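If you're matching them up, the sequences are chains A and B in order.
Each residue of the first sequence is one higher than the last, beginning at 105 in the working numbering.
Each residue of the second sequence is one higher than the last, beginning at 3 in the working numbering.
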Amino acid sequence: MVRYSKSRSRSVMTRTAACAIAGVMILAACGSDPAAPASTSGSGGSTAASVDGGGNTGGDTGGGKALVIARQMDVNSLDPSLAYCDTCQIYMTAVYETLIGLDSSDNQTLVPRLATKWEGNPAQTEFTFTLDPKAVFADGTKVTSADVKFSWERLKALQGSSSYLAGSIETIDTPDESTVVVTLNAPNSAFLAQVNSPYLGIINAKLAQANGATMDPATDTAETWFLSNSAGSGAFALKSYADGNELRLSRNDKFWGAVSEFPEVIIKETPSAVTQRQQLEQGAVDIAMQISADVASGLDSTDVTVTDVPSFNYVYLAISEKAVGGEALTPAVREAIRLALDYDNLVQVTAGGAGQSQASPIPNGFAGSADLPKPVQNIEKAKQLLADAGVTDITLDATFPSLNVYGIDFSTAMQQVQTDLKKVGINLELNPVEIAVWADKIGKDGIPVTMLYFAPDHTDSSQYVQYFSMAEGTQWQGWTKSDPNPEEATVLAQAFATQDATERASLYKQLGQMMIDDQVIIPIVNPDLFLASRSDITGMAYSACCNLDLSKLGRS
Amino acid sequence: MKRYLIRRIAVMPLLLLGIATLVFAVSRLTPADPLVSIVGERNLNNPDVVNAAKARWGLDDSVPVQYATYMKNLVRGEMGTSFSTRKPVFDDLIDRLPATLELTFTALIGGTAIGIGLGIVAARKRNKLIDHVARFFALIGSSLPAFWSGLLLLYVLYARLGWLPGPGRLEPRSAPPGRITGFYTIDSLLHGNMSLFVQAATHLILPAAVLGWGVIGIVTRLVRASLLDELSMEYVRVGRAMGLRERTVVNTHALRNALLPTITIVAFTFAFLLTGAVLTETVFSWPGVGSYAVDASRNLDFPAIIGVTILGGVAFLITNLITDVAYAFADPRIRLS
Numbered sequence: 105m106v107r108y109s110k111s112r113s114r115s116v117m118t119r120t121a122a123c124a125i126a127g128v129m130i131l132a133a134c135g136s137d138p139a140a141p142a143s144t145s146g147s148g149g150s151t152a153a154s155v156d157g158g159g160n161t162g163g164d165t166g167g168g169k170a171l172v173i174a175r176q177m178d179v180n181s182l183d184p185s186l187a188y189c190d191t192c193q194i195y196m197t198a199v200y201e202t203l204i205g206l207d208s209s210d211n212q213t214l215v216p217r218l219a220t221k222w223e224g225n226p227a228q229t230e231f232t233f234t235l236d237p238k239a240v241f242a243d244g245t246k247v248t249s250a251d252v253k254f255s256w257e258r259l260k261a262l263q264g265s266s267s268y269l270a271g272s273i274e275t276i277d278t279p280d281e282s283t284v285v286v287t288l289n290a291p292n293s294a295f296l297a298q299v300n301s302p303y304l305g306i307i308n309a310k311l312a313q314a315n316g317a318t319m320d321p322a323t324d325t326a327e328t329w330f331l332s333n334s335a336g337s338g339a340f341a342l343k344s345y346a347d348g349n350e351l352r353l354s355r356n357d358k359f360w361g362a363v364s365e366f367p368e369v370i371i372k373e374t375p376s377a378v379t380q381r382q383q384l385e386q387g388a389v390d391i392a393m394q395i396s397a398d399v400a401s402g403l404d405s406t407d408v409t410v411t412d413v414p415s416f417n418y419v420y421l422a423i424s425e426k427a428v429g430g431e432a433l434t435p436a437v438r439e440a441i442r443l444a445l446d447y448d449n450l451v452q453v454t455a456g457g458a459g460q461s462q463a464s465p466i467p468n469g470f471a472g473s474a475d476l477p478k479p480v481q482n483i484e485k486a487k488q489l490l491a492d493a494g495v496t497d498i499t500l501d502a503t504f505p506s507l508n509v510y511g512i513d514f515s516t517a518m519q520q521v522q523t524d525l526k527k528v529g530i531n532l533e534l535n536p537v538e539i540a541v542w543a544d545k546i547g548k549d550g551i552p553v554t555m556l557y558f559a560p561d562h563t564d565s566s567q568y569v570q571y572f573s574m575a576e577g578t579q580w581q582g583w584t585k586s587d588p589n590p591e592e593a594t595v596l597a598q599a600f601a602t603q604d605a606t607e608r609a610s611l612y613k614q615l616g617q618m619m620i621d622d623q624v625i626i627p628i629v630n631p632d633l634f635l636a637s638r639s640d641i642t643g644m645a646y647s648a649c650c651n652l653d654l655s656k657l658g659r660s
Numbered sequence: 003m004k005r006y007l008i009r010r011i012a013v014m015p016l017l018l019l020g021i022a023t024l025v026f027a028v029s030r031l032t033p034a035d036p037l038v039s040i041v042g043e044r045n046l047n048n049p050d051v052v053n054a055a056k057a058r059w060g061l062d063d064s065v066p067v068q069y070a071t072y073m074k075n076l077v078r079g080e081m082g083t084s085f086s087t088r089k090p091v092f093d094d095l096i097d098r099l100p101a102t103l104e105l106t107f108t109a110l111i112g113g114t115a116i117g118i119g120l121g122i123v124a125a126r127k128r129n130k131l132i133d134h135v136a137r138f139f140a141l142i143g144s145s146l147p148a149f150w151s152g153l154l155l156l157y158v159l160y161a162r163l164g165w166l167p168g169p170g171r172l173e174p175r176s177a178p179p180g181r182i183t184g185f186y187t188i189d190s191l192l193h194g195n196m197s198l199f200v201q202a203a204t205h206l207i208l209p210a211a212v213l214g215w216g217v218i219g220i221v222t223r224l225v226r227a228s229l230l231d232e233l234s235m236e237y238v239r240v241g242r243a244m245g246l247r248e249r250t251v252v253n254t255h256a257l258r259n260a261l262l263p264t265i266t267i268v269a270f271t272f273a274f275l276l277t278g279a280v281l282t283e284t285v286f287s288w289p290g291v292g293s294y295a296v297d298a299s300r301n302l303d304f305p306a307i308i309g310v311t312i313l314g315g316v317a318f319l320i321t322n323l324i325t326d327v328a329y330a331f332a333d334p335r336i337r338l339s
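Written as structure tokens, this is what we have:
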């Protein structure tokens, strides 16, 4: 009886287990199509779409297969006047057109977009734009000068993170519906570069106003509306956005330019670089946007193309004498720190060798960066400087945000800096914290040695001087509480007043050298960008202003 | 019983207000600047931008005023607007809760069923090979960090073998079913879309396995220990002596008593998983409450942090209540008063 019970029990268990395993495998076989596309078309995705409102499988919606991008999204807002993030640059470029574009083949040449022509007066205080009469928004209404005026005035009025780009605008006149005359409150030769920043994209004013957009932050209620709607003239329009999950764009079939071949673009939230790579290899996504050097080195699929291109992003050290605990950091000691670092090794350790060092806070490729000497390690000179300053065996607080940006792990980078500085008798107490904690600390007490990153908002070198120099009122002059350097402000004003590109480059070179001499900001590594995509994706190019221009992408 | 339930339910709002007050105080005492998640670090020294952000988000008021405003809104059922998502926190939680519940239910039901089964087998085959295997399997489930087992399973079963789908609730190209419950499996069935149902169900397997493995570990060990205790009791010996079948003795008599402590553990595991499935959600790009909580705490998103904490509080209070009631039903000797 007992034996019977045991055997029966065992057979029931066996059957149950077998059924469970079989069920799982059948479900998996039915549902797991990631392997299928990899072995068929090599481009991935589900097959036919049945757009039925009750649940559908996207993919080939009749006009081509959807483009899927894996990236860690950092969206802070989808309101064009408030958005400010890397993903926002991609979104804004796809949905809201600017007056002027940037030729991504050289990242320097300005090209027509909504405006057919533009000109500035010799004083660089007034700029006139002529709009393309063919330009229309996604709802079919014409793009007019009133839309430009509304968009830029709202950008300035709402005081969002990108408002500074419109900060120099004094007035905007619209003599007719195709002409925009912008008067600035001071000469600004960087204005045209700022105009090609995606944050200066043009909004359909009537549509936005009908949904709560105003010129007053106290009364403006459109931000929520913009989370599920868009009002632009770009190649795509917002279809849906689910925070932490995905951003879907649908093709703007009324686009007045070349209509995209992708009926839909899906940006999928994929925080891990390793997962991005796996999904790319499996063909579940077409583009992986944040592949680091070490992850890229493991990509061995013939269906995947990885291009290593120089970027304008970089990670830097910042040193502050006025921070609590940083009293020993005189200019000579700061120079010693600069000389103590092994830059080649830092590039190797942090970016797997896929990157460059850079001379000043103006990154390689920007005006003023060309002829400045790259930093070189000189331990003996560093030791001599410290000895002359009477500094031996000091310990400094090195609180830094615990981040991993552009494939650079800040903890790894700071550990290497710590190792280098130890050789000259400077000890760093590493203290990785969340960025909110870091921000509180640097805003109150300051931090003697820290680390941060920078990516450009537009293509003019002025943004680096406005952020990194010790001219009064810049971000780092405030954080380090350094005495203002009026000379930097004067040279920047000269650069703003100069139209000639050669002269401007010369002035920015001067400013670059001045920022080196400040000995406050020490760029550590300018990492390359890995553009990883399925081999049939065409048009992949890194843009200095806009990250990735979706309208240029295609499928071969 | 009825009076007991009413009293317990009536106390809940007060407890939740207490939790909200505590979290509000802790978040404000933390030496951190939430403005960085609102305006970005590049604008922290721009007074125009900073002042506009403070005014917009009510951060220019004193802390007591902020607290009074928050509590007034909370009593009205408003949890404020998230700094990060720019949406009402309540809406965010409603959007994300089904993803977490679907994952948690699957993991909990699967993990509990397997855990009970393994626990019974291990107890009945004490110190035999199968007992050691079951305990080892349970030990691994309890010990392995979810991020490690998750990445490993993804690598082997998705990236290398392609047997199971990868991260996310659906394939990247698939659009979710029209929302009815927010559970993709249920909604796709309600819409009659079988292929989407299969996709949603298979996407649950890996994350639920990772999450459920931990549950298996806890339940197996508990059931085994409890059942061994029960099997040594007098009434079991009497049952056997009376000629009852071993299956009847174990399943009908001993197991019922042995499962009592499991009710508590399973209920609290559910509440814990609801807000604690952070690593699993991160590894599998699962857009649930766990990943929302991580982003909220990283960005010092005060309204979202308090919202998630209140949700966790509600989960624990409700599961606690359900546990007490379930105990009364499972063991008639227990009387709630």
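All residues carry an ideal CB built from backbone N, CA and C; glycine is no exception.
This one's a predicted model, so the numbers in the text were calculated from it and none came from an experiment.
message: For V158 of chain B and D513 of chain A, I'd like the C-alpha separation in whole angstroms.
response: 26 Å
query: Would G163 of chain A be called buried (16 or more neighbouring beta carbons within 10 Å of its own) or exposed?
result: Residue placement at G163 of chain A is poorly supported in this model, since its pLDDT is 46, which falls under 50; the coordinates are not used for a value here.
field: DSSP state of F85 of chain B mapped onto helix, strand, coil
entry: Three-state DSSP puts F85 of chain B in coil, outside helix and strand.
Sufficient close CB pairs (3 or more, under 8 Å) joining the region 627-640 of chain A to the region 482-492 of chain A: no
- request: Check whether the Cβ atoms of F199 of chain B and L191 of chain B sit closer than 7 Å, and answer yes or no.
  value: yes
- prompt: With respect to the beta strand (DSSP E) encompassing M555 of chain A, which residues constitute its N-terminal and C-terminal limits?
  reply: 553-558
- request: Could you check which residue in A:G577, A:A242, A:A455 has the C-alpha nearest to that of P590 of chain A?
  value: Ranking the options by Cα distance to P590 of chain A, first place goes to A:G577.
- request: Could you tell me whether any Cβ in chain A is nearer than 7 Å to the Cβ of A124 of chain B?
  value: no
message: Between which two residues does the beta strand (DSSP E) holding T220 of chain A run?
response: 219-224
task: Please compile the residues from chain B whose C-beta is within a distance smaller than 7 Å of the C-beta of W256 of chain A.
output: Near W256 of chain A there are no residues of chain B at all, since even the closest Cβ is about 16 Å away, more than 7 Å.
- prompt: Taking 7 Å as the CB-CB cut-off, is Y188 of chain A touching chain B?
  reply: yes
query: From B:S29, B:N45, B:L17, pick the residue whose C-alpha is nearest to that of W583 of chain A; which is it?
result: B:N45
field: Beta-carbon proximity check, W150 of chain B vs P209 of chain B, cutoff 7 Å
entry: no
message: I'd like to know whether the C-beta atoms of P305 of chain B and V67 of chain B end up nearer to each other than 7 Å.
response: no
message: Please list, in chain order, the chain B residues whose beta carbon lies closer than 9 Å to that of S265 of chain A.
response: Simply I40, V41, G42, R44, N45, N48, V51, A55.
task: Indicate the three-state DSSP secondary structure (helix, strand or coil) for Q1 of chain B in the structure shown.
output: Here chain B covers residues 3 to 339 and nothing more, so residue 1 of chain B does not appear.
Secondary structure of P263 of chain B, DSSP reduced to three states: helix
task: Determine, using beta carbons only, whether S627 of chain A and G459 of chain A come nearer to each other than 7 Å.
output: Correcting the residue type first, residue 627 of chain A is Pro in the shown sequence and not Ser. No, the Cβ-Cβ distance between P627 of chain A and G459 of chain A is not below 7 Å.
query: Do you know offhand how far K321 of chain A's Cα is from L296 of chain A's?
result: Per the sequence shown, the amino acid found at residue 321 of chain A is Pro instead of Lys. Looking at the two C-alpha atoms, the distance is approximately 26 Å.
task: Look up S647 of chain A in the DSSP assignment and give the residues it is bridged to.
output: A:N651
field: Buried/exposed call for K526 of chain A, threshold 16 Cβ in 10 Å
entry: exposed
field: Burial state of K585 of chain A (16 or more Cβ within 10 Å)
entry: exposed
message: I want to verify the contact list: residues of chain E whose CB lies under 8 Å from the CB of V172 of chain A, in sequence order.
response: No chain E is present in this structure, whose protein chains are A and B.
- prompt: Between the region 321-331 of chain A and the region 178-191 of chain A, do at least 3 Cβ pairs fall closer than 8 Å?
  reply: yes
query: Of the residues A:A170, A:T434, A:V537, A:L476, which one's Cα is nearest the Cα of S354 of chain A?
result: A:A170
message: For Y345 of chain A, report the span of its beta strand (DSSP E) as first-last.
response: 340-346
- prompt: Just how far apart, CA to CA, sit A239 of chain A and S39 of chain B?
  reply: 36 Å
query: What is the DSSP secondary structure of E274 of chain A, counted as helix, strand or coil?
result: strand
message: Closest to N508 of chain A by C-alpha separation, out of A:A471, A:V495, A:P536, would be which residue?
response: With respect to the C-alpha of N508 of chain A, the residue from A:A471, A:V495, A:P536 having the closest C-alpha is A:P536.
field: DSSP-derived helix/strand/coil call for P305 of chain B
entry: helix
query: Between the C-alpha atoms of L19 of chain B and T311 of chain B, what's the straight-line distance to the nearest angstrom?
result: 11 Å
- prompt: K89 of chain B touches chain A at which residues, Cβ-Cβ below 9 Å?
  reply: T328, L331, D347
Proximity winner among B:F270, B:K56, B:A256, relative to T106 of chain B (alpha-carbon distances): B:F270
- prompt: Got a sec? Which residues, its chain only, sit under 6 Å from L233 of chain B by beta carbon, not counting five neighbours each side?
  reply: A256
field: Option nearest A332 of chain B by Cα separation, candidates B:D303, B:A260, B:G292, B:T284
entry: B:A260
- prompt: With a CB to CB cut of under 8 Å and the five nearest residues on each side skipped, what residues in its chain are close to A601 of chain A?
  reply: A227, Q228, P291, S293
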